[in-house]
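Participant: Quick note on numbering: the sequence shown equals residues 1 to 289 in the UniProt record's numbering.
Have a look at the structure that comes next, please.
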Amino acid sequence: MNKYNVTYNGKRNAAKLSPEKLLCQLRDRVNVTMIQGSDGPFDTPEWQQYLPGKSLNETVGRLGRCAVVSSAGSMKSSHLGQEIDSHDAVLRFNGAPIKGFQEDVGQKTTIRLVNSQLVTVEEQQFLREALYNTGILIVWDPAPYHAEIHEWYRKPDYNFFESYKLYRSTHPEQPFYILNPKMQWQLWDILQENSLEHIQPNPPSSGMLGIVIMMTLCDEVHVYEFLPSKRQTDICHYYQKFHDRACTMGAYHPLLFEKNLVKHINQGADEDIYTHGKVTLPGFRNVHC
């Protein structure tokens, strides 16, 4: 199944790249940008009134230490809440709740990265759920492999554009960005180039996208339970009872390959991964190539 028409003709690195070289690849080849009013189909008076006037960088300012909090089941009973809240900024995913879980996941939310399915599908209650009203929102939608923005706009994976406009009309003060879809395949190419096997021809996970977004905004990034600790469990999310091993190893997303890459560029101790599920990554402005 190749839903996104992936045709990879790039090279494969038979020898494992050094962490430094991999960080340079990520810094120089993954262009984290948000959709702007000057981008093709968004260049209309109607879209101008919905898209944020300020760039994401302007909105967040210069960030020092940042946390990326996965929604993994292994966050449960982690007692990491206080440590997570000590960061300058915290990124969370989709509908991951805070209420009732503060001791494990903290309560600060600076950015919430949501997928287009959540924004579009009625059952997810995106337009009504107060959880989404805090912090900066970023939505991403899987696009065809290296497609132009026009092509993606005509045929998004989930047509979230009307929901986006509706949300912006009712929450005009809250920054809400659309991730430029080029980023996901630039990142996928690096994953494939550094894997000898064929990886899944699907976009990277929200987790991996969130990590790279924060690496562009922050001086240092701590990622919690993306690489599972000794608390590893088949429970998918800390706020649900649903069991599935694919949540840890990946079925749709090239998750296993993402985790290998993150482990390789980790600058923290292996012990941090085992006890806290914590990875330490440099922000791209501290990567010198």
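Note that the Cβ used here is the ideal one computed from N, Cα and C, for glycine as well.
Excluding the 5 residues flanking Met156 on each side, which residues of the same chain have their C-beta closer than 7 angstroms to its C-beta?
Facilitator: Before going further, note that residue 156 is Pro rather than Met in the sequence given. Once the five neighbours on either side are set aside, the close Cβ partners of Pro156 are Ser116, Asp141.
Participant: Alpha carbon to alpha carbon, what distance is there between Ile190 and Gly10?
Facilitator: Whole-angstrom Cα-Cα distance: 9 angstroms.
Participant: Going by beta-carbon coordinates alone, are Leu113 and Ile138 separated by less than 7 angstroms?
Facilitator: Result yes, Cβ atoms of Leu113 and Ile138 sit closer than 7 angstroms.
Participant: Tell me which same chain residues have a C-beta within less than 7 angstroms of the C-beta of Ser163, skipping the five on either side of it?
Facilitator: So the qualifying residues of the chain are Val119, Thr120, Phe126, Leu127.
Participant: Report yes or no: do the region 40–50 and the region 219–238 share at least 3 C-beta pairs separated by less than 8 angstroms?
Facilitator: The region 40–50 vs the region 219–238: no contact.
Participant: Under the rule that 16 or more other beta-carbon atoms within 10 Å means buried, what is Ser71, buried or exposed?
Facilitator: So Ser71 ends up on the buried side.
Participant: Should Met214 and Val30 be called a contact, given that it needs their Cβ atoms to be closer than 7 angstroms?
Facilitator: Against a cut-off of 7 angstroms, the Cβ pair of Val30 and Met214 comes out as no contact.
Participant: Could you tell me the alpha carbon to alpha carbon distance between Tyr158 and Asp28, rounded to whole angstroms?
Facilitator: Cα-Cα distance, rounded: 29 angstroms.
Participant: Rank Leu17, Val6, Leu281 by C-alpha distance to the C-alpha of Asn194 and give the top, closest one.
Facilitator: Measuring from the Cα of Asn194, the nearest candidate turns out to be Leu17.
Participant: Taking C-alpha atoms, which residue in Leu63, Gly100, Ala15 lies nearest to His79?
Facilitator: Here the closest residue by C-alpha is Gly100.
Participant: For the region 48–98, which segments carrying the beta strand (DSSP E) assignment without a break, of at least 3 residues, lie completely within its bounds, in sequence order?
Facilitator: Runs of the beta strand (DSSP E) inside the region 48–98: 63–69, 89–93.
Participant: Here's a check: name, in chain order, each residue in its chain whose Cβ is nearer than 8 angstroms to the Cβ of Asn133, leaving out the five neighbours to either side.
Facilitator: Closer than 8 angstroms at Cβ, skipping near neighbours: His171, Gln174.
Participant: Assuming Leu91 and Gly210 make a contact with CB atoms under 8 angstroms, what is their CB distance in whole Å?
Facilitator: Their Cβ separation, rounded to whole angstroms, is 5 angstroms, which keeps Leu91 and Gly210 in contact under 8 angstroms.
Participant: Roughly how many angstroms lie between the CA atoms of His146 and Ser169, to the nearest whole one?
Facilitator: Cα to Cα, the separation comes out at about 31 angstroms.
Participant: What's the C-alpha gap between His276 and Tyr224?
Facilitator: Approximately 7 angstroms between the Cα atoms of the pair.
Participant: Which of the three DSSP states is assigned to Pro282 in this structure?
Facilitator: It is a strand residue.
Participant: Thinking C-alpha only, which one of Ile111, Met208, Phe226 is nearest Leu176?
Facilitator: The question names Leu, but residue 176 in the sequence shown is Phe. Comparing Cα positions, the closest option is Ile111.
Participant: Classify Cys24 as helix, strand or coil using the three-state DSSP reduction.
Facilitator: Here Cys24 sits in helix by DSSP.
Participant: Restricting to runs no shorter than 4 residues, where is the alpha helix (DSSP H) found entirely within the region 111–195?
Facilitator: 116–120, 149–154, 161–170, 182–193, all fully within the region 111–195.
Participant: Around the C-beta of Ser206, are 16 or more other C-beta atoms found within 10 angstroms, so that it is buried, or is it exposed?
Facilitator: So Ser206 counts as buried.
Participant: Please list, in chain order, all residues of the same chain as Pro97 whose beta carbon is under 7 angstroms from its beta carbon, the five residues on each side excluded.
Facilitator: Here the set comprises Leu131, Tyr239.
Participant: Since I believe Met34 is in contact with Leu56 (beta carbons under 8 angstroms), could you give me their beta-carbon distance rounded to a whole number of angstroms?
Facilitator: Correct: roughly 5 angstroms between the Cβ atoms.
Participant: According to DSSP, is Glu258 helix, strand or coil?
Facilitator: Glu258 falls in the helix class under three-state DSSP.
Participant: For Asn2, tell me which candidate among Ile235, Cys24, Pro144, His288 has the shortest Cα-Cα distance.
Facilitator: The option with the nearest alpha carbon to Asn2 is Pro144.
Participant: Whose C-beta lies closer than 8 angstroms to the C-beta of Val262 among residues of the same chain, with five residues either side of it excluded?
Facilitator: So the qualifying residues of the chain are Met208, Ile211, Val223, Phe226, Leu227, Val279, Leu281.
Participant: To which residues of the same chain is Gln107 closer than 8 angstroms at the C-beta, ignoring the five residues directly before and after it?
Facilitator: Excluding residues within five positions, the ones whose Cβ falls inside 8 angstroms are Gly81, Asp85, Ile98.
Participant: Looking at C-alpha atoms only, which residue of Tyr8, Ala15, Ala14, Gln25 is the closest neighbour of His288?
Facilitator: The shortest C-alpha separation from His288 is found at Gln25.
Participant: For Leu217, would you say it is in contact with chain B, using Cβ-to-Cβ distances shorter than 7 angstroms as the test?
Facilitator: Judged by its chain identifiers, the structure shown contains no chain B, having just a single protein chain.
Participant: Between which two residues does the beta strand (DSSP E) harbouring Val221 extend?
Facilitator: Counting along the chain, the beta strand (DSSP E) containing Val221 begins and ends at 218–224.
Participant: Starting from Thr275, trace the alpha helix (DSSP H) in both directions and tell me its first and last residue.
Facilitator: Unbroken alpha helix (DSSP H) run through Thr275: 270–276.
Participant: Specify, as a first and last residue, the run of the alpha helix (DSSP H) that Glu103 falls within.
Facilitator: Counting along the chain, the alpha helix (DSSP H) containing Glu103 begins and ends at 102–105.
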